[in-house]
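Numbering (UniProt numbering), first residue to last: 1 to 458. Yeah, the Cβ is synthetic: ideal placement off N, Cα and C, and Gly gets one too. Some notes on the structure that comes next.
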């Protein structure tokens, strides 16, 4: 295994690297150096990173090697991870895509970063985010075509994973900021159920929507990351009970019940994307162990975008009132959102929260006993040209609003040969069930075991 080249190590998945690290076939320093070399080759074109300290990364790798030699390393010992730059890190700045927080170092770790460090992972660096994880884009380019958008606020994490700069990375989603970048960059993006991953010591934009998730190049890597960063134990009774309930997380001997959805934003998707999902549904009907049917949602879901918009705008107006009042170093996009939010009354906000809860319950009732998995478009097509482009409307925010787990499957190519995805979702808290379904598709060749660019060249 020592004959593996640095490029091979950079292209490897987490679940390929960890056995090599644990058996000492390669060192954590070799893996980290291979990724740093990949970043050195490609970062000037892709701009996935907002903070990188190679010496710090290598010191962490050397510490991991000492633990590996002593047999005291955690399950992720020596694995480099990219950290979206809205999570606090004790040894790196947390700048949140804003010049207001340039060089700000909080001095502590976000809970998820702490969990990763406790498992032995190396924090390779901080990845680019949109301003305050909202809409004003950062400098990141799509690694498949540099003049096309990579997605919104988790763009650096998605592009870094796609371009062999890091095997896994943290992201967040308030509307579609995990699924969309994963779709455009052609990688796995997993947004767990709302509430399963702690949000301590990270940027907050909305109390009922912000969700922590991950990017990876195969399903097993996403599952490994999720299992590391989620809450555990009897102090979290709902999660503890449901995530350990075989009736919720396994299907047993029966077939998977799968629905293919034309959601409320179907007409906004490109014709080629509509055809891709239709063809994908036919392909799924040929996969062993699946019962596939078409799905139509109740009319009430047509109101989801309006409900989300009210919650989103009012919450941002609350959390960023000081930046709004100063009216300096804030993008016009952010200023416009806060302006809209200031026009939302407390009563309107509270009513939107009630409607969010009602819609989440309605979706859960709709899925319960009827569908294990729903398949939808991740985005309305491949990435758009121009880094200032605005995304097409899609259904991502509906599933965020309802708190259900979603996962991007990198299965489609558009007319420009750029990737886009199908997203799958399940009942809230059926996260392991969703991951197992994705593994079933991976085992049947529907998605690859390594969705990396083969190999990356910009």
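Residue 449 versus residue 45 - alpha carbon distance: 27 Å
Bridge partners - residue 168, DSSP secondary structure assignment: 81
Segment limits, alpha helix (DSSP H) that includes residue 45: 28 to 46
CB of residue 205 within 8 Å of CB of residue 136, strictly: no
Residue 154 and residue 172 closer than 8 Å at C-beta: yes
Top-ranked residue by Cα proximity to residue 179, from 439, 407 and 443: 407
Every unbroken alpha helix (DSSP H) inside the region 388 to 447 [4 residues or more]: 396 to 401 and 431 to 443
CB contact flag (residue 462, residue 49, <8 Å): Examination of residue 462 is not possible in this model, given that the chain is present from 1 through 458 alone.
Among 299, 420, 20 and 201, nearest to residue 366 - alpha-carbon criterion: 299
DSSP three-state assignment for residue 291, whether helix, strand or coil: strand
Alpha helix (DSSP H) segment containing residue 126, residue limits: Careful: residue 126 lies outside any alpha helix (DSSP H), inside the beta strand (DSSP E) at 122 to 127.
Residue 201 versus 296, 87, 187 and 160, residue with shortest Cα-Cα distance: 87
Span of the beta strand (DSSP E), counted from its first residue to its last, around residue 216: 211 to 216
Neighbour-count burial assignment, residue 197, 16 or more Cβ in a 10 Å radius: buried
Of the listed residues 351, 269 and 312, nearest to residue 261 (C-alpha basis): 269
Spatial distance of residue 311 from residue 397 (CA atoms): 12 Å
Buried versus exposed, by CB contacts within 10 Å (16 or more), residue 373: buried
Nearest candidate by alpha-carbon position, reference residue 14, set 89, 109, 214 and 354: 214
Classification of residue 347 by the beta-carbon crowding that lies within 10 angstroms, buried from 16 upward: exposed
Given 8 Å, three or more beta-carbon pairs between the region 417 to 428 and the region 355 to 370: yes
CA nearest to the CA of residue 266, picked from 241, 295 and 249: 295
Enclosing alpha helix (DSSP H) for residue 339 [first to last residue]: 332 to 342
Validate contact between the region 101 to 120 and the region 137 to 153 using beta carbons, cut 8 Å, 3 pairs: no
Where residue 377 falls: helix, strand or coil (DSSP): strand
Length of the line joining the Cα atoms of residue 536 and residue 399: As shown, the chain starts at 1 and ends at 458. That puts residue 536 outside it, with no answer to give.
Alpha-carbon spacing of residue 319 relative to residue 207, whole angstroms: 10 Å
Three-state secondary structure assigned by DSSP to residue 385: strand
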